[in-house]
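J.: All residue numbers for the sequence shown refer to full-length UniProt numbering, where the first residue is 1 and numbers rise by one.
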Amino acid sequence: MTDIDHVFSAQGPLAENIPGYRSRVQQQEMAQAIAEAIKHNRQLVAEAGTGTGKTFAYLVPALLSGGKVIISTGTKTLQDQLFNRDLPAVRDALKVPVTVAMLKGRANYVCHFHLQRAMSEGRFYSREDAAYVHKIQAFAENSATGDKSELTSVPESATIWPAVTSTRDNCVGQECAFYKDCFVMEARKRALAADVVVVNHHLFFADVMLRDEGVAELLPTANTVIFDEAHQLPEVAGMFFGEGYSTSQLMELARDSHNEYLTTIKDCTVLPEATAALEKAVRDFRLIFAYEGARLPVQKALALRNFEAAYATMQEKLVDLAKILETQAERDPAVDNCWQRALALQALLQRWHDATDANLVRWVEVFSQSVQLHATPLSVAEGFSKQLNAQPRAWIFTSATLAVKSDFSHYLSQMGLQDAATGHWDSPFEYGRQALLYVPQGMPEPNSAGYVASVAAMALPVIKASRGRAFVLCTSLRAMRELHALLKDAFAAEGLEYPLLMQGDTARSELLERFRRLGNAVLVGSQSFWEGVDVRGEALSAVIIDKLPFAPPDDPVLAARIDKMNAEGKNAFMEYQLPYAVITLKQGAGRLIRDERDRGVLMICDPRLISKPYGRRIWQSLPPMRRTRNVEDVVEFFASSPPDPA
């Protein structure tokens with residue numbers, strides 16, 4: 001095996017072949033630890049501070065291992081970056097004959113069957129969709145992969161996509177006339193044949209659950225599994241180890257069944273009435289809930305006026321539709337598919353309502369057009385540890401944020417990683433020189449009425465000192481909107497001309513591009529901007545955080561977990577809520593310093609960082625920035641010319 005130390009040295013293949021590569025001790029040590037874990041089929045949880053170069057630290061030993069490797073990333077954007085940029089660069093530098101493939105969920109690939117149907121029916125939501133469908137057709141005829149991310153001329157948010165892609169529900173499988181040309185099947189074949197497969201967390205856990213249900217494996221058996229951005233795993237795993245459904249699945253079933261009436265079974269005249277009745281029942285059920293964005297524990301949902309009656313009507317209309325579809329199922333594979341979906345949804349609706357599994361927390365999430373009914377496990381540890389111990393292989397978990405002051409116990413217990421080794425590598429950045437942590441004096445308690453107004457007032461002098469160039473990160477959408485309005489008024493009153501952007505104004509990627517391009521903008525954001533955002537250079541010189549990111553105590557799953565832990569004699573606040581807040585805060589703080597030349601101020605407005613006994617534990621988990629409580633130090637920091645890097 002090639003010597004890891006040599007690969008990462010100043011004279012090694014990475015330095016020779018990759019522009020801008022710099023040898024870092026932390027990266028080298030982390031790569032050695034990963035190589036050992038792979039060699040001995042061990043579990044390793046590795047926290048690597050920003051700038052360590054963790055991607056290369058796991059890619060080098062993975063590519064040199066000679067075994068089959070699955071790499072799972074947090075988002076499709078990171079997946080594309082890894083597959084298109086980082087993997088080829090390292091593979092070429094090492095000159096190893098490794099084949100690589102990328103696999104995404106089926107909704108990312110154009111479906112020939114649904115595309116042809118959309119073209120022939122010609123019913124579109126908008127004029128844009130009618131134009132887009134021709135572009136998609138030309139793309140499908142010429143693309144090797146059918147991956148919609150390659151077709152940049154059709155926005156990812158375009159309403160045409162659901163009509164020309166498939167879901168697990170509406171795919172007709174081997175009965176499909178286009179099965180031999182299916183982009184999803186081709187992607188799976190490439191993945192089975194490749195040495196290294198790049199997936200994302202959602203797909204990985206979807207496959208874990210599908211495999212448990214006896215469906216053919218989507219992912220090849222691997223010697224090594226590597227999770228990047230592994231701090232996201234507990235939440236993603238919870239989605240898949242639980243159960244639930246959305247009312248939009250019922251609406252889609254009604255729509256697809258009606259399409260079959262229009263195209264295949266026109267003589268089944270009772271079908272339109274049944275699909276319309278189901279759609280009405282679903283809409284009536286949605287109207288029970290007052291506003292979108294609500295997350296209700298099941299007890300609150302069941303107590304709503306008409307909940308039980310509307311739920312029963314929805315079940316009844318679904319049963320009626322299923323009976324009609326059963327009489328027509330033999331006539332066409334797509335009709336049979338609708339019938340099978342109706343039966344599966346019937347079972348789901350019944351199971352959610354009956355609640356026979358005590359480990360699942362039932363709760364309801366309300367969106368503008370739909371209602372999601374969840375059943376989430378109190379813990380994913382047991383379900384995931386079964387996967388870990390199914391057969392010998394190496395499992396690597398890495399992120400910049402997994403520990404609380406170098407203590408990994410919270411993460412290990414969440415994921416059922418009793419046997420895992422751990423490693424922590426600090427960032428190579430000189431935080432004492434590059435950054436300042438400012439906690440303002442005189443802030444009220446975070447739950448007081450005027451708290452957001454105080455955040456705006458305290459943030460204004462920092463924004464003026466940094467000449468815009470700031471992220472304002474909020475812990476809720478309500479606070480984000482209020483802060484944006486307050487800053488808008490303050491900018492107008494003081495004649496400040498910094499562009500003021502807000503999450504939701506446009507797509508995240510577009511907002512970030514505008515922020516970078518403008519160079520002096522202030523972006524007010526919520527959850528979307530706390531992680532996975534990389535703005536290097538002076539365009540981002542201040543990160544202002546409104547309050548410590550504790551999960552909302554009325555979150556149904558969190559409340560159930562707290563009750564369970566406290567009942568077991570544990571301290572839920574110290575063992576669960578505090579570590580969650582620390583890991584989230586570290587993500588937000590990590591937006592500030594992205595390379596050796598960055599300088600900036602991290603402002604955390606929450607007085608609990610100073611006033612509460614646990615505050616010390618929180619700030620000791622943050623990078624070792626110089627700390628101050630005086631705004632004058634912030635002004636001086638921005639006024640001083642940056643010292644030359646050592």
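All C-beta atoms, glycine included, are put in the ideal place defined by N, C-alpha and C.
1. Three-state secondary structure (DSSP) at L373?
2. Note down the Cα distance separating F289 from V7, rounded to an integer number of angstroms.
3. Taking the alpha carbon of K612 as the reference point, which residue from F56, M574, R599 and S640 has its own alpha carbon closest?
4. Taking all protein chains shown into account, decide if G20 is buried (16 or more other Cβ within 10 angstroms of its Cβ) or exposed.
5. Using only the alpha-carbon positions, how far apart do S509 and V535 sit?
6. Looking only at its own chain, which residues have a Cβ that is under 7 Å from the Cβ of S640, when we skip the five neighbours before and after it?
7. Comparing C-alpha positions only, which one of L318, R106 and N306 sits nearest to D169?
8. Counting C-beta neighbours from all protein chains within 10 Å, is the total for T152 16 or more, i.e. buried, or is it exposed?
9. If you reduce the DSSP assignment to three classes, tell me which class V215 lands in.
10. So, under 8 Å CB-CB, L548 and I618 are touching, yes? Tell me the CB distance rounded to an integer number of Å.
11. Are at least three pairs of beta-carbons, each pair with one atom in the segment 384 to 396 and one in the segment 28 to 47, less than 8 Å apart?
12. What does the Cβ neighbour count give for P607, buried or exposed, with the cut at 16 atoms within 10 Å?
13. Could you tell me whether any non-hydrogen atom of the ligand NAD is closer than 8 Å to the CB of D555?
14. To which residues of the same chain is Y245 closer than 8 Å at the C-beta, ignoring the five residues directly before and after it?
15. Could you tell me whether the Cβ atoms of L360 and K564 are closer together than 9 Å?
16. Count the other CB atoms, across all protein chains shown, that sit within 10 Å of the CB of V215; report buried if there are 16 or more and exposed otherwise.
17. So which of T224, R24 and Y431 has the shortest CA-CA distance to Q391?
18. Put E229 into one of helix, strand or coil per three-state DSSP.
19. Looking only at its own chain, which residues have a Cβ that is under 7 Å from the Cβ of S370, when we skip the five neighbours before and after it?
20. Does DSSP put W530 in a helix, a strand or coil?
21. Going by the CB atoms, is the gap between S166 and Y109 shorter than 9 Å?
22. Measure how close the beta-carbons of A254 and L278 come, nearest whole angstrom, since I'm counting them as under 8 Å.
23. Candidates K317, A421 and Q434: which alpha carbon is nearest M625's?
24. Which residues mark the beginning and the end of the alpha helix (DSSP H) in which M314 is found?
25. Thinking C-beta only, is T50 closer than 9 Å to F429?
26. Between the segment 497 to 514 and the segment 440 to 449, can you find at least three pairs of beta-carbon atoms closer than 8 Å?
27. Go through the segment 221 to 285 residue by residue and report every complete run of the alpha helix (DSSP H) that reaches 4 residues or more, in order.
28. For the alpha helix (DSSP H) that contains P297, what are its first and last residues?
29. On the DSSP letters alone, give me the boundaries of the alpha helix (DSSP H) that F471 sits inside.
30. Give, in chain order, every unbroken run of the beta strand (DSSP E) that is at least 3 residues long and sits entirely within the segment 378 to 452.
31. Taking Cβ positions, are residue 694 and A334 nearer each other than 9 Å?
32. Using the Cα positions of L501 and A521, report the straight-line distance between them to the nearest angstrom.
33. Determine the burial state of N337: buried for a count of at least 16 other Cβ atoms within 10 Å of its Cβ, exposed for fewer.
34. Can Q27 and W339 be called in contact, C-beta distance under 9 Å?
35. Which of the three DSSP states is assigned to L360 in this structure?
36. Once the 5 residues before and after G590 are set aside, which same chain residues still bring their CB inside 6 Å of it?
T.: Quick look at the numbers:
1. strand
2. 58 Å
3. M574
4. exposed
5. 12 Å
6. none
7. R106
8. exposed
9. Because V215 carries a pLDDT of 40, less than 50, the predicted location of this residue cannot be relied on, and no value is offered for it.
10. 7 Å
11. yes
12. buried
13. With respect to the ligand NAD, the structure offers nothing, as it holds no ligand at all.
14. L345, L348, L349, W352, Q372 and L373
15. no
16. The predicted model places V215 with a pLDDT of 40, which falls under 50 and marks its position as unreliable; any figure quoted below should be read in that light. So V215 ends up on the exposed side.
17. T224
18. coil
19. S246, T247, S248 and R286
20. coil
21. yes
22. 5 Å
23. Q434
24. F307 to Q328
25. yes
26. no
27. 233 to 241 and 247 to 263
28. Counting along the chain, P297 falls outside any alpha helix (DSSP H), though it belongs to the beta strand (DSSP E) covering R295 to P297.
29. F471 -> not in any alpha helix (DSSP H); beta strand (DSSP E) instead, spanning A470 to L473.
30. 394 to 399, 421 to 425 and 435 to 438
31. Nothing in the structure corresponds to residue 694, since the chain is present only between 1 and 646.
32. 7 Å
33. buried
34. no
35. strand
36. T50 and A400
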